[in-house]
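Beneath this line is the structure, given in structure tokens, with notes to follow.
In UniProt numbering, the protein residues as written are 1 to 348.
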């Protein structure tokens, strides 16, 4: 998702990008990497957005074409930086400084491409890189696949464990995507889900559960949700698939790319929360999750290995979000805003 704030003026300070090298050991079997592709960026520039239009600090005297171009530029920045962040996080850096430097270098390259494209339209486009801020996070990864499933247990093999603690209500975790092998899942039903693998979000008072299992009635891979404040007996099936394996997006609320109503990480749990896994021994595959670690949020030590590993869940430095001012100007229009890019984050 990306947020916008009013009355931000982008400066002209444009330092050279870092030349730090990338340790490109990409093990991103699960990450949907949106690479920095010029063709995609240029297409995004000319998209006319039919959804709600953000117009803060947007002054125009034209017929709306310039406004569409400005919003298309904003979309290209958000999509491009999102792809850069995803790609660099997936490379599993040991050093956060090197990670941030290579994200910055990617943003510099994107800025150059978008400037050139805007200039051909007699427009000026600027990403104010010197004012960019990078929000720290940790990429938590279980490096298995549907074909080579790893159990969803902790580093010592415990089935019930804490992934992360004291996370922000809407901006504590993003990109929680798991690939599950159906043959590894327990059989269960929405009326009796206790023995199934499930993810729990709890603030200590109330909790939200998402169960993933093979349905006892038809054998399909199924997701069921217990809403915050409800009892387990009120658990409701939200979606299923007959596929042998499936991709579950806990933050996006989808199963194999299809929206599941009522399925969004944490539901209505208010305030800061802990993220737990229950019955991780009856699920197998692999997953990625990016945790916001600035402030109180933290990956649980003792459950997740720090540094890359192939045999247990581990965490490496990640960029959780990028926030930076942008500007787009023509003879008839001046558009300035700040974008926040956090790919795979739940909408607030």
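Glycine included, C-beta positions come from ideal geometry on N, C-alpha and C. All of these numbers come straight from a predicted model, not from anything done at the bench.
Separation of residue j from residue i, as counted between CA atoms
{"i": "residue 94", "j": "residue 88", "result": "12 Å"}
{"i": "residue 120", "j": "residue 339", "result": "24 Å"}
{"i": "residue 169", "j": "residue 333", "result": "37 Å"}
{"i": "residue 187", "j": "residue 220", "result": "10 Å"}
{"i": "residue 248", "j": "residue 282", "result": "15 Å"}
{"i": "residue 349", "j": "residue 190", "result": "Outside the shown range of the chain (1 to 348) lies residue 349, about which nothing can therefore be said."}
{"i": "residue 40", "j": "residue 73", "result": "The predicted position of residue 40 is uncertain, since its pLDDT is 41 and thus under 50; a value taken from the coordinates is nonetheless stated next. Rounded to whole angstroms, residue 40 to residue 73 spans 12 Å at the Cα level."}
{"i": "residue 179", "j": "residue 147", "result": "10 Å"}
{"i": "residue 301", "j": "residue 133", "result": "27 Å"}
{"i": "residue 85", "j": "residue 337", "result": "20 Å"}
{"i": "residue 318", "j": "residue 242", "result": "34 Å"}
{"i": "residue 165", "j": "residue 344", "result": "19 Å"}
{"i": "residue 321", "j": "residue 244", "result": "34 Å"}
{"i": "residue 218", "j": "residue 258", "result": "19 Å"}
{"i": "residue 261", "j": "residue 235", "result": "13 Å"}
{"i": "residue 225", "j": "residue 162", "result": "19 Å"}
{"i": "residue 335", "j": "residue 346", "result": "27 Å"}
{"i": "residue 323", "j": "residue 90", "result": "20 Å"}
{"i": "residue 210", "j": "residue 280", "result": "13 Å"}
{"i": "residue 263", "j": "residue 145", "result": "23 Å"}
{"i": "residue 328", "j": "residue 112", "result": "14 Å"}
{"i": "residue 177", "j": "residue 68", "result": "33 Å"}
{"i": "residue 135", "j": "residue 325", "result": "15 Å"}
{"i": "residue 60", "j": "residue 116", "result": "Because residue 60 carries a pLDDT of 45, less than 50, the predicted location of this residue cannot be relied on, and no value is offered for it."}
{"i": "residue 275", "j": "residue 203", "result": "9 Å"}
{"i": "residue 101", "j": "residue 316", "result": "16 Å"}
{"i": "residue 246", "j": "residue 160", "result": "22 Å"}
{"i": "residue 98", "j": "residue 198", "result": "35 Å"}
{"i": "residue 294", "j": "residue 267", "result": "23 Å"}
Chain-order list of residues whose beta-carbon lies under 7 Å from that of residue i (same chain, five-residue window excluded)
{"i": "residue 194", "result": "232"}
{"i": "residue 149", "result": "181, 184, 284, 285"}
{"i": "residue 155", "result": "303, 304, 305, 312, 313"}
{"i": "residue 142", "result": "150, 152, 286, 287, 313"}
{"i": "residue 175", "result": "251, 288, 289, 290, 343, 344"}
Residue i - DSSP class collapsed to helix/strand/coil
{"i": "residue 73", "result": "helix"}
{"i": "residue 185", "result": "coil"}
{"i": "residue 119", "result": "helix"}
{"i": "residue 168", "result": "coil"}
{"i": "residue 96", "result": "helix"}
{"i": "residue 269", "result": "coil"}
{"i": "residue 89", "result": "helix"}
{"i": "residue 173", "result": "strand"}
{"i": "residue 346", "result": "coil"}
{"i": "residue 102", "result": "helix"}
{"i": "residue 234", "result": "helix"}
{"i": "residue 131", "result": "helix"}
{"i": "residue 310", "result": "coil"}
{"i": "residue 227", "result": "coil"}
{"i": "residue 68", "result": "helix"}
{"i": "residue 259", "result": "strand"}
{"i": "residue 286", "result": "strand"}
{"i": "residue 240", "result": "strand"}
Chain-order list of residues whose beta-carbon lies under 6 Å from that of residue i (same chain, five-residue window excluded)
{"i": "residue 330", "result": "66, 123"}
{"i": "residue 240", "result": "220, 222"}
{"i": "residue 207", "result": "200"}
{"i": "residue 21", "result": "At residue 21 the pLDDT is 41, less than 50, meaning the model places this residue with poor confidence and gives no usable figure here."}
{"i": "residue 296", "result": "166"}
{"i": "residue 172", "result": "292, 297"}
When the options are compared against residue i, the one with the closest alpha-carbon
{"i": "residue 76", "options": "92, 118, 103", "result": "118"}
{"i": "residue 238", "options": "245, 108, 215", "result": "215"}
{"i": "residue 309", "options": "271, 92, 209", "result": "92"}
{"i": "residue 127", "options": "104, 274, 157", "result": "104"}
{"i": "residue 272", "options": "159, 71, 205", "result": "205"}
{"i": "residue 401", "options": "230, 98, 256", "result": "In the structure as shown, the chain begins at 1 and stops at 348. Residue 401 is therefore absent and cannot be evaluated."}
{"i": "residue 125", "options": "192, 299, 246, 71", "result": "71"}
Beta-carbon separation (whole angstroms), residue i vs residue j, contact threshold 8 Å
{"i": "residue 288", "j": "residue 139", "result": "7 Å"}
{"i": "residue 292", "j": "residue 137", "result": "5 Å"}
{"i": "residue 254", "j": "residue 265", "result": "Wrong, their Cβ atoms sit about 11 Å apart, outside the cutoff."}
{"i": "residue 213", "j": "residue 196", "result": "4 Å"}
Beta-carbon proximity list for residue i, same chain, < 8 Å, skipping 5 on both sides
{"i": "residue 36", "result": "Note that residue 36 has pLDDT 41, beneath the 50 cutoff, so the model's placement of it is unreliable and no number is given."}
{"i": "residue 256", "result": "241, 243, 246, 247"}
{"i": "residue 96", "result": "136, 317"}
Cutoff 8 Å: residue i Cβ touching any chain C Cβ
{"i": "residue 139", "result": "Chain labels in this structure do not include chain C; a single protein chain is all it has."}
Cβ-heavy atom distance, residue i to the ligand ADP, below 7 Å
{"i": "residue 180", "result": "With respect to the ligand ADP, the structure offers nothing, as it holds no ligand at all."}
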